[in-house]
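Comments concern the structure below.
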Amino acid sequence: METLRGASLLVTGATGSFGKALLRQVLDHGDPARVVAYSRDELKQYEARRLFADDPRIHWVIGDVRDRDRLRTAMRGVDHVVHAAALKQVDAGESNPAEFIRTNITGSQNVADAAAEAGVAKVVALSTDKACRPVNLYGGTKLVADKLFVAANAETAPHGTRYAVVRYGNVLGSRGSVVPFFRATARAGRSLPITDKRMTRFWIGLDQAVRFVLDTFDQMQGGELYVPRIPSMRITDLARAIAPDGVQHEIGLRPGEKLHEEMIHPDDAPQVVLLGDRYIVQPVLSGTGYRPPAGARPVPDGFSYSSDRNDLWLGVDELRAMLDRTEEQP
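Take 1196 as the starting number for the sequence shown in this note's numbering and just add one per residue.
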């Protein structure tokens, strides 16, 4: 987080679960000069301002990532950007594709362009496991967004602005996680609906996801896609962690849903290295004179990173302990 000390940071999607957790960590531990909280919902901004007791370091800006002019204005004097704004619900994306394209693709291009025009130094964009070999509209739009940021880096890095992407799995405690739904269903004494009892997912804590993104500012050269080494879990184990004696029933895969998630495809293996707690998909064309970081090790040929073939797993007891420590985000 050293990069952010004394600097100014703009966060798109700042009033979402991730955005609020990031604001808290940056303000408590990052010593920023100024933080611009950019989001489109005035009610969420009102509620978030109460959480942060009107901290004078935060400048609240109502704006949509679809509005390039508004982004350009908001980024004046900003050193770094976290792009967290997105439409994310898989089901909604299948029935409202144009809206997802406008926010996740056009909005990402607007962020990249506005950052370059404003002279921003570093941009970290959030991706998702669903962007790897996507089978739904949401994942497809996020894959395009990933490619836009990597390509923008190659064009603008010689002039100062650099971009990196962070891709991770399902976030424990976020507003969109299945945990609140399972808890409410269990409290009502109803059977827990399981999409498929074979289903697996990657799992990361909200604070861990925030730290991973903030650490990326210190490590990035430009053009990389960072993937954390995180554990997998079985959806049936999550259900048992929440309702040990509860009944489960299968409902089948929804449109656009995968049985297992994947964060690195085998075709990307030649560009992938392992460095400590993260994989790095290195840029083919970066424009920055990219060099593999010291200590990074290439992965084997044909390497893939998927939730069903992971070497890290959370069992029922570990999941229950994580749930006990996690507050659900409003």
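Backbone N, C-alpha and C fix where the C-beta goes; we use that ideal spot for every residue, glycine too.
For clarity, every value in this text was computed on a predicted model and none was experimentally measured.
If you compare the alpha carbons of Arg1261, Asp1264 and Thr1268 with that of His1254, the shortest gap goes to Thr1268. For the 7 angstroms CB-CB criterion, Lys1337 and Thr1323 form a contact. Uninterrupted beta strand (DSSP E) stretches at least 3 residues long and entirely within the stretch 1382-1437 occur at 1387-1389, 1395-1400, 1420-1423 and 1427-1429, given in chain order. For Val1479, no pairing in a beta bridge is given by DSSP.
Judged by beta-carbon spacing, Asn1299 lies beyond the 7 angstroms limit of Ala1232, meaning their Cβ atoms are not closer than that value. Asp1391 is positioned such that its CB atom lies closer than 7 angstroms to that of Leu1454. Residue nearest to Pro1461 within the set Gly1441, Arg1328 and His1444 is Arg1328 (criterion: CA-CA distance).
Val1361 is bridged by DSSP to Leu1321 and Tyr1421. Of the other Cβ atoms in all chains shown, 16 or more fall within 10 Å of the Cβ of Gly1335; this residue is therefore buried. Judged by beta-carbon spacing, Gly1288 lies within the 7 angstroms limit of Tyr1333, meaning their Cβ atoms are closer than that value. The Cβ atoms of Tyr1363 and Ile1399 sit closer than 7 angstroms to each other.
Counting only residues of its own chain and dropping the five nearest sequence neighbours on each side, Arg1385 has no CB closer than 6 angstroms to any other CB. In this structure, the alpha-carbon of Arg1263 lies about 11 angstroms from that of Met1270. Where Thr1207 is concerned, the enclosing beta strand (DSSP E) starts and stops at Ser1203 to Thr1207.
Annotated as distal: Pro1426 and Phe1407, with beta-carbon spacing of 7 angstroms or more. Around the beta-carbon of Ile1475, 16 or more other beta-carbon atoms lie within 10 Å, marking it buried.
The C-alpha of Thr1301 lies about 7 angstroms from the C-alpha of Arg1261.
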